[in-house]
Amino acid sequence: MTHQFLALSPEQKKELSGIAQRIVASGKGILAADESVGTMGNRLQRIKVENTEENRRTFREILFSSDASISQQIGGVIFFHETLYQKDSKGKPFPAVIKDKGIVVGIKLDKGMAPLAGTNGESTIQGLDGLAERCAQYKKDGADFGKWRAVLKISDTTPSTLAIQENANTLARYASICQQNGLVPIVEPEILPDGDHDLQRCQYVTEKVLAAVYKALNDHHVYLEGTLLKPNMVTAGHSCTKKYTPEEVAMATVTALSRTVPAAVPGNDVSSIYSLLSINGLACQGQYVTSGKSSTAATQSVFTASYVY
């Protein structure tokens with residue numbers, strides 16, 4: 000027999016929804032500064048700088064010491080574990096530097112991919128072991144939200160039902176553990192743009208994946224008003240011979256989201272999402288030029304939230 004399970008107190012729900020709303024306030028995006036040590040090494044190598052902890056700290060200090068006006072465009076910053084415990088040159092912890100600007104601090108929680116046995120090269124995500132303890136500690140150390148990225152790929156045989164269900168349930172377990180420890184979970188089921196699939200195939204897969212994710216979140220008693228979704232854009236595969244306009248990409252993405260994402264999820268403004276996706280599609284092609292006619296909020300949000308063009 001089904002019954003209602005009180006997973007969170009009213010006070011916990013109020014705190015979580017408040018944090019989520021601050022992150023996705025109008026015109027604001029999320030700065031992903033959660034590069035791993037290896038990824039930072041690749042970036043520093045391009046400018047011929049040695050990949051040491053001090054150089055990584057200095058790089059981040061330059062980023063985080065930007066003028067406080069960035070809080071008008073950035074609602075949250077995602078940290079890597081190392082970053083959360085680093086300080087600026089004056090001895091101030093980076094989380095405090097960010098919070099003093101009115102920006103919410105987040106932390107990357109997944110520990111990368113692992114092969115999913117019984118599938119054709121598909122994966123699941125590691126990091127659930129000890130997650131509750133990590134979340135509790137990160138909350139004490141200044142984080143208010145977390146991020147967990149699951150990866151699925153499109154081919155003739157993938158994503159399989161097993162991979163979809165496994166990753167959906169892993170995301171749901173992560174989200175539930177986050178909320179129990181006062182962190183707003185960012186749920187990221189990313190469908191890779193690799194392959195030769197067309198736009199319609201990607202839209203179909205995206206809808207199936209998101210439907211499975213929200214079914215799993217419901218099964219795990221996750222409070223949707225205290226979550227955020229980081230979706231992929233619905234695009235054709237990089238090897239697809241047919242080219243689609245930014246408007247077609249935006250419409251396919253908005254359609255997939257409106258069919259699957261509950262209205263309770265914060266930041267679920269379809270008209271704004273369509274505008275942002277259309278602008279971002281043009282930016283990807285180097286065709287977008289601000290005209291002054293678009294809303295300032297839309298322009299700011301897309302270029303803050305999307306750091307890969």
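Heads up, the sequence shown is in numbering that gives the first Met the number 0, so the first residue is 0 and it goes up one at a time.
Note that CB positions come from ideal geometry on N, CA and C, so glycine has one too.
As computed with DSSP, I69 is found in no beta bridge at all. The residue from E165, Q125, L198 and N168 with its alpha-carbon nearest to that of E246 is L198. Straight through space, the alpha carbons of V23 and P261 are spaced by roughly 16 Å.
Remark: C-beta atoms of D33 and I77 approach each other more closely than 9 Å.
Within the DSSP secondary-structure output, K86 pairs in a beta bridge with P92. L216: not part of any beta strand (DSSP E); member of the alpha helix (DSSP H) spanning L198 to D218, first to last residue. Runs of beta strand (DSSP E) with 3 or more residues, each lying fully within the region 101–152, are found at 103–107, 112–114, 122–124 and 144–151, listed in chain order. DSSP places E34 outside both helix and strand once states are collapsed to three, so it counts as coil. Put simply, the backbone Cα of T259 is about 24 Å away from that of L7.
Straight across, the Cα-Cα distance linking K107 with Y173 is about 12 Å.
Judged by DSSP in its simplified three-state form, F78 adopts strand. Assignment of L170 by DSSP, reduced to helix, strand and coil, places it in the helix class. In the displayed model, V260 falls within coil according to three-state DSSP, outside both helix and strand. For D195, same chain residues with a beta-carbon under 6 Å away, outside a window of 5 residues either side, are G236, S238 and C239 in chain order.
Contact between W147 and I163 is absent: CB atoms are separated by about 16 Å, not below the 8 Å threshold.
DSSP, reduced to helix, strand and coil, places G225 within a helical segment of the structure shown.
Assigned with DSSP and collapsed to three states, P184 falls in strand. Taking the Cβ atoms as the reference, L170 lies roughly 6 Å from A149, within the contact range of under 8 Å. No Cβ-Cβ contact shorter than 9 Å links P192 with L209.
Beta-bridge partners of E189 (DSSP): V150.
In the DSSP assignment, I29 is bridged to G75. Taking Q72 as reference, the option from T118, G101, P94 and A95 with the minimal CA-CA separation is G101.
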